[in-house]
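Below is one structure; the comments refer to it alone.
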Amino acid sequence: MSELESGLAASGRRLTRARRTVLRVLSDASVPLSPREITAVGRQHYGHLGLVTVYRTLELLELMHWVRRVHGADGCHGYMLCGRALSPTLVCRLCGRVAEFPGGQPLRSLIDRVQADTGFRVDDPLVQLSGLCPACQGASGADEADEAAHRENGSAESIHT
Ligand SMILES: [Zn+2]
Numbered sequence: 291m292s293e294l295e296s297g298l299a300a301s302g303r304r305l306t307r308a309r310r311t312v313l314r315v316l317s318d319a320s321v322p323l324s325p326r327e328i329t330a331v332g333r334q335h336y337g338h339l340g341l342v343t344v345y346r347t348l349e350l351l352e353l354m355h356w357v358r359r360v361h362g363a364d365g366c367h368g369y370m371l372c373g374r375a376l377s378p379t380l381v382c383r384l385c386g387r388v389a390e391f392p393g394g395q396p397l398r399s400l401i402d403r404v405q406a407d408t409g410f411r412v413d414d415p416l417v418q419l420s421g422l423c424p425a426c427q428g429a430s431g432a433d434e435a436d437e438a439a440h441r442e443n444g445s446a447e448s449i450h451t
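Everything in the sequence shown is counted per this note's numbering, starting at 291 for the first residue and increasing by one.
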């Protein structure tokens with residue numbers, strides 16, 4: 291936390307109560323949270339926390355690479371704390387569980403090569419791989435069986451829908 295404090299101070303900002311609250315909520319969370327969810331949970335710690343403040347705080351923390359945005363299966367954005375290292379994120383599209391795997395160096399050299407080849411300057415090195423976590427791999431088989439049974443039972447109805 292003190293590293294963040296000095297990072298904020300270096301850019302002329304303070305670690306306000308709202309910013310501290312957003313960070314606390316994100317560090318307690320096991321899945322990415324939307325700004326609304328962060329606000330709702332954050333109000334349990336700091337009653338005056340507002341949605342607009344949360345949006346601004348997330349924007350700032352994302353710029354400072356303390357927070358990373360992930361794309362949810364529902365098309366919404368969730369936010370999570372990121373390790374300072376540049377590493378790809380794995381996101382489970384069923385339960386939203388997130389894992390980071392150590393791949394900073396290969397990714398850094400890939401980005402360097404992409405920049406050299408294309409002339410682009412990459413400023414948002416978000417790499418996200420979606421799939422099923424170990425727990426959901428087992429569960430999804432059962433879900434598909436349920437769905438198949440449901441389709442058979444409900445086939446007459448579904449013609450009219
Ligand atoms: Zn999962």
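Glycine included, C-beta positions come from ideal geometry on N, C-alpha and C.
I think residue i touches residue j, with their Cβ atoms under 8 Å apart; what is that distance to the nearest whole Å?
| i | j | result |
| --- | --- | --- |
| A312 | G337 | Residue identity check: residue 312 is Val in the sequence provided, not Ala. Contact flag wrong, Cβ pair sits at about 14 Å. |
| V357 | L316 | 7 Å |
| T343 | A308 | 5 Å |
| C382 | G421 | 7 Å |
| G297 | M354 | 6 Å |
Taking residue i as the reference, give the member of the options with the closest Cα.
| i | options | result |
| --- | --- | --- |
| P322 | V360, S399 and I401 | V360 |
| Y369 | E352, Q334 and L384 | E352 |
Using a 10 Å radius around the Cβ and a threshold of 16 neighbouring Cβ atoms, would you call residue i buried or exposed?
| i | result |
| --- | --- |
| L341 | exposed |
| G302 | exposed |
| C366 | exposed |
| P424 | exposed |
| L419 | exposed |
| V388 | buried |
| T347 | buried |
| A375 | Because A375 sits at a pLDDT of 44, beneath the cut-off of 50, its placement in the model cannot be relied upon, and the following sentence gives the value as read from the coordinates. Flag for A375 reads exposed. |
| G386 | buried |
| T379 | buried |
message: Going residue by residue through the segment 346 to 386, where are the continuous beta strand (DSSP E) segments of at least 3 residues, counting only ones entirely within it?
response: 357 to 361, 367 to 371 and 379 to 382
query: For ligand 1, which residues count as neighbours when the test is a C-beta closer than 5 Å to any heavy atom?
result: C382, L384, C385, R387, C423 and C426
field: Every unbroken alpha helix (DSSP H) within the segment 311 to 340, with a cutoff of 4 residues, ordered by chain
entry: 325 to 332
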